[in-house]
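Numbering (the working numbering), first residue to last: 66 to 211.
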């Protein structure tokens, strides 16, 4: 008995709660406690005492959380693919429309595409100038004169 309730029911409840939390969060944190709950459930079903069940629960949960979670996260990590936007950073561009941060005007052509542009140091840049893209903010290329 655990808290006056048959420990089998407690461990089933722990497993269900942990699986639901994991399904909602997808953070690979609660699933290890569900596995610990399975170990404790097996211990309870073969008649081991509650302190032993608790030790097995904590032991299995902690070991899996510490050792297996980092391994799983490494293999399940999504790889970031560079986008077209990432590729223009560091590239040279030609100013098509004068860049004026105060008036919020400016456009550049870089790698064959036209981008709205702003000056990195807030200084105006005339049309026809050559600039280098230093960053992207939203849909605007942040540029500096070359």
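Just so you know, even glycine gets a beta-carbon here, dropped at the ideal spot from N, CA and C.
Around the beta carbon of residue 83, 16 or more other beta carbons sit within 10 angstroms, so the residue counts as buried.
In this structure, the beta-carbon distance from residue 197 to residue 155 falls below 8 Å. Nearest Cα to residue 165 within the set 110, 200, 182, 90: 182. Excluding sequence positions up to five before and after residue 80, its CB lies within less than 8 Å of the CB of 99, 102, 103, 106, all in the same chain and listed in chain order.
Apart from sequence neighbours up to five positions away, the residues of its chain that approach residue 192 with a beta-carbon distance below 8 Å are 160, 161, 162, 163, ordered along the chain.
CA-to-CA, the gap between residue 211 and residue 168 works out to about 22 Å. DSSP places residue 85 within a helical segment (H, G or I) once states are collapsed to three.
DSSP places residue 207 within a strand segment (E or B) once states are collapsed to three. For the pair residue 127 and residue 97, the Cα-to-Cα distance works out to about 8 Å.
Cα atoms of residue 73 and residue 152: separation of roughly 57 Å, rounded to the nearest angstrom. With respect to the 8 Å criterion, residue 87 and residue 78 are not classified as neighbours on the basis of their beta carbons.
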